[in-house]
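Engineer: In our numbering, the protein residues as written are 1209 to 1554.
Just so it is clear, CB atoms sit at the ideal spot from N, CA and C, and this is done for glycine as well.
Note that the coordinates shown come from a computational prediction; the quantities given were computed from them, not determined experimentally.
Quick one: this structure, given as structure tokens, is what I'll be asking you about.
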Ligand code: ADE
């Protein structure tokens, strides 16, 4: 299907309505775009805006990222969640340095061979940075396409995703400027054709929208069946001593792998007692004070945290105290950062 009128309206709209975002520079740096596109997968723009500038300041080039340690990369990623992406981005930078002389490849085919680069990221870099006629599909674009064609189907079904890629391919092939068109589709989904509070009055392609004609826009896409979130119970103790905090490192498995935390025990059946933590540390359980509790929600988990604190010095060969000031350099999950914030109140 060829839609030159539709695509020219989208391109004109984006040219005068694009949000001013730090990665939208007139000349797109391929490495900066790689970082921003990977950060933007599954993370809101507002959160990426907080982290992207400091990440780029710390790792300004693909070589600087490739030469960093995993700990340094994870520390700069802290707060963005889905830490697997940070490890894959690190592996990707290493592969670009070792296999492509530190130059980000420009074709979808070559980009797809890199670790952590899927169809979306390959299409985004190839089109937005290297002006290739490559389609992209993300959640925003799928929703726009489903509404445009009045398809009341669930957004994440494989059939829907295949359909969206083929439709995105049609659209990019009838555009004047694939970079502008792809970003316009994403921007439309992010700012106008939103999941709720849809702003149809501001839509540049309202005249083409089949769901608008049918009056079905608000019920598209069909809601997806909710993934069941499992409960997890965590108890943590903040031990402080001379402006330092006792921390430990998680193992390399599962959620928050290899990240740092204050001593924490987790169970699936009930809240662990603080004594379970002190026994695990091999120390006595006296002088513990309750310091609050909160619920942390992730896509797959509802995590109940109970926090305790103690200013009593504990000793042990394996115990690792770090100064409060130096904690920013280490990778802590958002939940653990929330726990650490109580340290300031001690
Ligand atoms: N989400 C994913 N890529 C994006 C981009 N380039 N601009 C804004 N939001 C995005």
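Considering only DSSP beta bridges, list what residue 1439 is partnered with.
Structural biologist: Paired residues: 1510.
Engineer: So the beta strand (DSSP E) residue 1505 belongs to, where does it begin and stop?
Structural biologist: 1497-1505 is the extent of the beta strand (DSSP E) around residue 1505.
Engineer: Is residue 1526 buried or exposed, if buried means 16 or more other CB atoms sit within 10 Å of its CB?
Structural biologist: Flag for residue 1526 reads exposed.
Engineer: Mind reading off the beta-carbon distance from residue 1480 to residue 1443? Whole number of angstroms is fine, and I expect it under 8 Å.
Structural biologist: 4 Å between Cβ atoms; contact.
Engineer: What whole-angstrom Cβ distance do residue 1372 and residue 1349 have, given they're in contact under 8 Å?
Structural biologist: Their Cβ separation, rounded to whole angstroms, is 7 Å, which keeps residue 1372 and residue 1349 in contact under 8 Å.
Engineer: Just the Cα atoms here: how many angstroms apart are residue 1292 and residue 1273?
Structural biologist: Whole-angstrom Cα-Cα distance: 16 Å.
Engineer: Using CA atoms only, rank isn't needed, just tell me which of 1232, 1370 and 1378 is closest to residue 1212.
Structural biologist: It is 1378 whose Cα lies nearest to the Cα of residue 1212.
Engineer: The beta strand (DSSP E) with residue 1529 in it runs from where to where?
Structural biologist: Counting along the chain, the beta strand (DSSP E) containing residue 1529 begins and ends at 1528-1531.
Engineer: Please list, in chain order, all residues of the same chain as residue 1410 whose beta carbon is under 6 Å from its beta carbon, the five residues on each side excluded.
Structural biologist: So the list reads 1400, once near-sequence residues are dropped.
Engineer: Count the other C-beta atoms from every protein chain shown that fall within 10 angstroms of the C-beta of residue 1331, then say buried if there are 16 or more, exposed otherwise.
Structural biologist: Per the 10 Å Cβ criterion, buried.
Engineer: Tell me which residue opens and which closes the beta strand (DSSP E) that residue 1452 is part of.
Structural biologist: Start and end: 1452-1457.
Engineer: Would you tell me roughly how many angstroms separate the C-alpha atoms of residue 1428 and residue 1361, rounded to the nearest one?
Structural biologist: Going from the Cα of residue 1428 to the Cα of residue 1361 covers about 7 Å.
Engineer: Please determine if the stretch 1388-1398 and the stretch 1216-1233 are in contact, where contact requires at least 3 C-beta pairs separated by less than 8 Å.
Structural biologist: Segments in contact, yes.
Engineer: When you compare the CB positions of residue 1281 and residue 1305, do they come within less than 8 Å of one another, or not?
Structural biologist: Contact flag unset, no.
Engineer: Can you say whether residue 1422 is buried or exposed, counting buried as having 16 or more other CB atoms within 10 angstroms of its CB?
Structural biologist: Result: exposed.
Engineer: Return the chain-ordered list of same chain residues with a C-beta closer than 6 Å to the C-beta of residue 1245, the five sequence neighbours on each side being excluded.
Structural biologist: Within the same chain, residue 1245 has close Cβ partners 1329 and 1332.
Engineer: Report the three-state DSSP secondary structure of residue 1412 (helix, strand or coil).
Structural biologist: Residue 1412: coil per DSSP, three-state reduction.
Engineer: With H, G and I counted as helix, E and B as strand and the rest as coil, what does DSSP make of residue 1364?
Structural biologist: Coil, per DSSP.
Engineer: What is the DSSP secondary structure of residue 1478, reduced to helix, strand or coil?
Structural biologist: Residue 1478: coil per DSSP, three-state reduction.
Engineer: Specify the secondary structure class of residue 1445 as computed by DSSP and reduced to three states.
Structural biologist: Reduced to three states, the DSSP call for residue 1445 is strand.
Engineer: Measuring CA to CA, which of 1467, 1484 and 1352 is closest to residue 1278?
Structural biologist: Closest option to residue 1278, Cα to Cα, is 1467.
Engineer: Does the count of Cβ pairs from the stretch 1452-1463 and the stretch 1497-1505 closer than 8 Å reach three?
Structural biologist: In short, these stretches do not touch, since the Cβ pair count stays below three.
Engineer: Could you tell me which of 1300, 1338, 1295 and 1436 sits nearest to residue 1235, measuring between CA atoms?
Structural biologist: For residue 1235, the nearest C-alpha among the options comes from 1338.
Engineer: Assuming residue 1287 and residue 1351 form a contact by the criterion Cβ under 8 Å, report the distance between their Cβ atoms to the nearest whole angstrom.
Structural biologist: Actually they do not touch by this definition, with Cβ atoms about 26 Å apart.
Engineer: Just confirm the distance between the C-beta atoms of residue 1268 and residue 1300, as a whole number of angstroms; I'd bet it's less than 8 Å.
Structural biologist: Their Cβ separation, rounded to whole angstroms, is 16 Å, which puts residue 1268 and residue 1300 out of contact at 8 Å.
Engineer: Does the Cβ of residue 1262 have 16 or more other Cβ atoms within 10 Å, making it buried, or fewer, making it exposed?
Structural biologist: Classification for residue 1262: exposed.
Engineer: Nearest CA to the CA of residue 1506: which residue from 1490, 1492 and 1543?
Structural biologist: For residue 1506, the nearest C-alpha among the options comes from 1543.
Engineer: Taking the C-alpha atoms as reference points, what is the distance between residue 1436 and residue 1511?
Structural biologist: Spanning the two alpha carbons is a distance of roughly 13 Å.
Engineer: Starting from the C-beta of residue 1232, find all residues in its chain whose C-beta is less than 7 Å away, skip the five residues before and the five after it, and write them out in chain order.
Structural biologist: Contacts found: 1226.
Engineer: Please go through the same chain and pick out, in chain order, the residues whose beta-carbon is closer than 7 Å to the beta-carbon of residue 1531, but skip the five residues on each side of it.
Structural biologist: Only 1451 and 1452 meet the Cβ criterion.
Engineer: Cβ atoms of residue 1356 and residue 1408: under 8 Å apart, would you say?
Structural biologist: Cβ distance not < 8 Å, so residue 1408 and residue 1356 don't count as in contact.
Engineer: Return the chain-ordered ranges of every alpha helix (DSSP H) run that is complete within the stretch 1270-1302 and spans a minimum of 4 residues.
Structural biologist: Fully enclosed alpha helix (DSSP H) runs of 4 or longer: 1270-1275 and 1278-1285.
Engineer: What is the DSSP secondary structure of residue 1550, reduced to helix, strand or coil?
Structural biologist: Of the three classes helix, strand and coil, the one that applies to residue 1550 here is helix, per DSSP.
Engineer: Is the beta carbon of residue 1180 sitting closer than 8 Å to the one on residue 1548?
Structural biologist: Any property of residue 1180 remains undetermined from this structure, which presents the chain solely from 1209 to 1554.
Engineer: Taking the straight line between their C-alpha atoms, what separation do you get for residue 1243 and residue 1388?
Structural biologist: Each residue's Cα considered, the two are about 19 Å apart.
Engineer: In three-state DSSP terms, what is residue 1233?
Structural biologist: Coil at residue 1233, not helix or strand.
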